[in-house]
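Protein chains in written order, with the numbering used here: chain A, 63 to 391; chain B, 13 to 261.
Each remark here refers to the structure printed beneath this line.
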Amino acid sequence: MADVLAFVERRIGRIGGSAFEVVATASRVARAMGGSAHALVLGGAGASAGAAELAHFGAVTIAVGEHDALSEYSPEGYASVIVELVRQGGYGAVLLSATALGRDLAPRLAALLDVPLATDATGIEVVEGRVRIERPIYSGKAFAQLDLDATPALVSIRPNAFPAMESAAAGAVSTFTPQVDPSAWRVRVLERKGAAEGAVDVSEATVIVSGGRGMKDPSNWHLLEALRDALGTGVALGASRAVVDAGWRSHAEQVGQTGKTVAPKLYVAVGISGAIQHLAGMRTAKTIVAINRDADAPIFAVADYGIVGDLFEILPRLSAEIAALKAGS
Amino acid sequence: MRTIVCLKRVPDTETRIRVDASGVRIDTAGVKYVVSPYDEYAIELALRAKEGAGLGEVDLVTFGDASAQEALRKGLAMGADSALLLVGEPDMDGLATAKTLASELKESDAPLILFGAKAADDDQQQVGPMFAVLTGRACVTGVSTFTLEGDKAICHREVEGGTEVVEVGLPAVLTITKGPHDPRIASLKGIMAAKKKPLVEKAAQLHPSRMRVHALREPAARPAGRIVGQGPDAVPELVRLLREEAKAI
């Protein structure tokens, strides 16, 4: 019998998205371990805002550490506070989200706690009291089931891969003041250029509109932006390796084995032929749409729906139809 | 100044991956291997740091079997000065790998130790920051480019659509991602010179793995898709299918 800790990230000053997935998954794992799920939030003053909502996803307790020095992510600060709580808590498993923050934080926790780390899990179950996870390897060209032979089992879960299932729990929020010593931190953020308001990273987006060499020129990206805007919120732009290598788009948008592996609900591939390393990165999308001039392009082999033709004619029509549909619904 | 780059030999990213009969390993027959792409970016930034300073050296380290020599020679051909192969068989437990590297490099006086931000095979993104904790070094992950200023490195990071400028005190570990500086292509002269550069092999200090592969599987094939139609006239039908069948919009 063991409890499970879910570390919950605040983003742009709020709790949401992948945070609910982590708590819901922790709650499921805790039930399998015969224990209960606990949530931990860190931030500056007022970090507890919205934390009570985590109770809907199964958190029995919600601890909020508030300290001005933790209002922005500090790898050393966050790791020290979490490790201390994990040591005190005697958890069977510790879960967090494989976001940019989680990817930076989790290995530090693993080394400090001296436990192995499974990153980017797309499946998790408890087998005879031990945690077994499934995760993509070779960017999704294969999947590995791994048994973690240490306590706590430390796992980061892939955003969008687990449902944020609701299951009501007590969810009493308590705040505490973590003991931290910022003067000892050696990593300091000098400048943050945030993404545009409302911008979503490709690894967490629920819908991705991705462009490839078929777009012909970076100045044509407004066509993809129009489709993104028509599709609503939670939509990110993606890019193939070819257009990133050509300098048309930033590497942050690259989907594939040398970019990001994504699992959105909808992936729209425009002017992307579908090189094997790109397919590896997006084939776990729930629904794939491909628009390409070449009917023999490999992308059509993985696409649920395809349109063959000139993307410069198809895209404006698609954006307009979806915008009209959204306006009417 | 001395910069160490830790690299890994991985299957080429264009390789098709198949699970072998054991069910717990991939079939390596016919697989072509390369230096993991992000590690090449790390080598490039290390070489630039050396060239910028006008002195110093770039030393490569890898943990793997004898065939990893080939990856080290590639790095030497790009311009690195020496290479060390810790002979052993790394597995999925990144902490065990980090401990092996730390056993060897804990006492190193190199102000900078670079890793690729992720290996193109396991993609666990963990050995660099684990190694940093184990060796008491500060660590910045996902660095696309950096400059050295005295006893600090100023690093540019890509995070979730935005960018960050982060200062870190040396000695430090940086994990490197794709940035503005493409890895150089080894020249013929570089390849010839690499044959004469020191490449030392020694037995790795191994640490027990606590992550066991239960099974590997290939991804389920996606059900055959369909071509909805040709050109813009197919759009209304596509939108209807996305709405009613896939419930995706």
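In this text, a Cβ means the ideal position worked out from N, Cα and C, and glycines have one as well.
Assignment of residue 92 of chain A by DSSP, reduced to helix, strand and coil, places it in the helix class. Secondary structure of residue 186 of chain A (DSSP, three-state): strand. For residue 238 of chain A, the number of other beta carbons within 10 angstroms of its own is below 16, and it is reported as exposed. Contacts with chain A (Cβ-Cβ distance below 8 Å) from the stretch 187-210 of chain B involve 189, 190, 191, listed in chain order. The Cβ atoms of residue 58 of chain B and residue 13 of chain B do not sit closer than 8 Å to each other.
Counting only the Cα atoms, residue 228 of chain A lies some 31 Å from residue 233 of chain B. Residues of the stretch 216-230 of chain B whose Cβ lies closer than 7 Å to any Cβ of chain A, in chain order: 222, 223, 224, 225, 226, 227, 228, 229, 230. Taking the beta carbon of residue 142 of chain B as reference, the chain A residues within 9 Å of it are 169, 170, 172, 173, 179, listed in sequence order.
With contact defined as three or more Cβ pairs closer than 8 Å, the stretch 126-138 of chain B and the stretch 180-190 of chain A are in contact. A check of alpha carbon separations from residue 222 of chain B across A:168, A:306, A:172 identifies A:172 as the nearest. A contact is defined here as three or more CB-CB pairs under 8 Å, and the stretch 78-92 of chain B fails this definition with respect to the stretch 103-112 of chain B. Here residue 206 of chain A really is in contact with residue 228 of chain B; their C-beta atoms are around 5 Å apart, less than 8 Å. For residue 176 of chain B, the enclosing beta strand (DSSP E) stretches over residues 174-181.
Looking only at A:332, A:372, A:380, the smallest Cα-Cα distance to residue 365 of chain A is reached by A:332.
Using a Cβ-Cβ cut-off of 8 Å, residue 162 of chain B does not count as an interface residue toward chain A, since no Cβ of chain A sits closer than that to its own.
Cα atoms of residue 261 of chain A and residue 352 of chain A: separation of roughly 23 Å, rounded to the nearest angstrom. Between residue 225 of chain A and the set A:247, A:67, A:120, the nearest pair of CA atoms involves A:120. Residue 140 of chain A has no beta-bridge partner at all, per DSSP. Per DSSP, the unbroken alpha helix (DSSP H) holding residue 51 of chain B starts and ends at 49-65. Residue 390 of chain A: member of the alpha helix (DSSP H) spanning 373-390, first to last residue. Counting C-beta pairs with one atom in each stretch, the stretch 268-286 of chain A and the stretch 295-310 of chain A have three or more that are closer than 8 Å, which means they touch. Boundaries cannot be given for residue 218 of chain B, as no beta strand (DSSP E) includes it and DSSP labels it neither H nor E. Per DSSP, reduced to three states, the secondary structure at residue 164 of chain B is strand. Interface annotation for the stretch 190-211 of chain A against chain B: 194, 196, 197, 198, 199, 200, 201, 202, 203, 204, 205, 206, 207, 208, 209, 210, 211, criterion Cβ-Cβ distance under 9 Å. When the five nearest sequence neighbours on each side are left out, the beta carbons in the same chain lying within less than 7 Å of the beta carbon of residue 209 of chain A are those of 192, 194, in order along the chain. Using a Cβ distance threshold of 8 Å, residue 29 of chain B and residue 204 of chain A count as a contacting pair.
For residue 354 of chain A, the beta-bridge partners assigned by DSSP are A:370. Chain-order list of chain B residues neighbouring residue 368 of chain A: 237, 238, 239, 240, by C-beta distance under 8 Å.
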